[in-house]
Structure formats: structure tokens, C-alpha cells
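Below is one structure, written out as C-alpha cells; comments come after it.
Numbering (this note's numbering), first residue to last: 4 to 322.
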């Protein structure tokens, strides 16, 4: 598994963010391994086109893990077999870490950490019936009082998982507070398979420090990449060439925004692309000096011309 990401950086899935176009942009920056947005196993089995659409990828978007979620072993296997027959990917990732209440109440996502037997059955069934290696994304536990990541991860390893990704927060925390990397380290110490750490990494330096201090095999980054695809370049350049991070120029940022938008247009047409890009545009400019004057305009773009006008104005400013 580790040969899939020699730069030690994995893209973490984010609903509504890490879509086909965003992953394609990150590949341009040198990303080696990405994970799709999470895909409902039942949605696949019911033939929901919008759900199934999450599995599509560009030819450059490999190695790729398709992440599915669910709590019924039969649905999970049927969904995985459908994906294996119809899509290209290298790893099947199982979401057992999503803290969202709707998912949790259905017994899916991180709720599976309360049901070790069922979680093992799901993983074992997928390993038995599909040809792809299976990875599992988990949290440190349901709450501070109920942390069971070490025991649970061991169970996933026994069931046949090839890799475990640990987000350093509990379900109860959602995304608040700080990720507990001591908990992640305990999982790493307990397992023979690769363990990937996730949580509160926003730079190359932080990722390197986490790998050194907690001995994880690699790090998964998600929210820090919103508006900053250049973080991927930092990891790639460091591990391939020993280069330190370089702050992107304003032109590089603008070029990335244009490329990102063009990929969205390819995927969904200009009108929908403009709507989808608005949040990304705000992330790209959040650290710009004087960005306030562009935020309202970016929040309301309706076409590629609208975006071009804004980007031209940004380049006209003497930074």
C-alpha cells in the first residue's frame, strides 16, 4: 500500500469539496493518492445516479480510493461489486469515521465503532468478495469516555483490512477542539498494517513533525487543501527533491483558480460550474491583502467571464 503514496500525503475526502474537478487539479500539483467523496452503498444498489456519479474520475486521478459507507454487509458487497465492474480504482475505502448526525443515527459512519462485530463482518465480506485492497477510516472513539480506536483498529486488521486511517477526534468532537495524535500513535503501535494519521495538518512542516513524533506511515490532509492546492506541491518537492516549501505567487494562485474552474466547466457546464466554484473562490482569496473587496463578487459569480473579471482585477493590484 505504501508504494501508492511515496510523498506521504493522502487527500482526505470532503463532501461537496473533493469532487472530480478538485481532485484533478490536485493531480496537476503532484498528488499521488486521492479518496473520493463518500458514496452511499444503498444509493449505489438503488441505482441513484447522483450517488453513483461520485465514483467517476479522470484518467489522471489514480491511484484512487473509492470510499463507500453503509451498515449492511450485503449492500456493501453489492455496491463494491458494482463499482469494481464499472469503475477504475485501486483501493476500496470504508467510512467508519463520519460523525454527521444523520449518518450516525442510521448506524453508519462512526456509529460502526460501537458495533465491532458488524464492522468486522463488513470488512471481512468485502475482502472475501472483491479483489481490491480494503482500507478503513475511523476516529479515536465515540467520546472521550469511550475511546476504542486501538481495539477497533486491531479488529479491522484481523478482518483483513490492508490499511487504517485514524482521524484524531472523537465522534462527539465533530471537527472542534484539537486532534489527539497520542491516540493515533497508540493505534500505530498496535498494528502491523500501515496507519495513516489525520487531523490538524495545514503545512509540510506540521506533517513532517507528526510523522517524526508519532511514527505514522503517512498523513491525510483535507480541509487545509481548500484554496491551497500548493500544499500538495510542497510535499512532492520535499520528498522527491528535498526542496523547502515556496509561497505561490499571485499569478500561480490565479492560474490555479482558472484551471480549477475550467475542470468544473468540463464536468458540469458553465452555469453549474460558476455556482460550484463560489465556495472555492472564497477559500483561494481568504489570505489575500484586501480580499474583502472580492469576496462579495466571488460569492455571486454566474459565468466564466465574471470570474475572469475578478481575477484580472486581482492581478492588477500591486501586492
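Ideal Cβ positions, reconstructed from N, Cα and C, are used throughout, including at glycine.
- The alpha-carbon of residue 144 is positioned some 10 Å away from that of residue 154.
- Runs of beta strand (DSSP E) with 3 or more residues, each lying fully within the stretch 134-207, are found at 137-141, 144-146, 166-170 and 198-201, listed in chain order.
- For the set 131, 75, 84 and 106, the Cα lying nearest the Cα of residue 120 is the one of 75.
- Per DSSP, the unbroken beta strand (DSSP E) holding residue 12 starts and ends at 12-14.
- Taking one beta carbon from each stretch, the stretch 248-258 and the stretch 40-49 have fewer than 3 pairs nearer than 8 Å; the two do not touch.
- Ranked by Cα distance from residue 246, the first of 204, 86, 235 and 255 is 235.
- Each of 288, 174 and 116 was checked against the Cα of residue 158, and the nearest Cα belongs to 116.
- C-alpha of residue 118 to C-alpha of residue 187: approximately 20 Å in a straight line.
- In terms of CA proximity to residue 282, 20 leads the group 20, 6, 15 and 13.
- Judged by DSSP in its simplified three-state form, residue 97 adopts strand.
- Between residue 29 and residue 199, the CB-CB gap reaches or exceeds 8 Å.
- For residue 308, the enclosing alpha helix (DSSP H) starts and ends at 307-319.
- Taking 8 Å as the cut-off, the Cβ atoms of residue 10 and residue 35 count as close.
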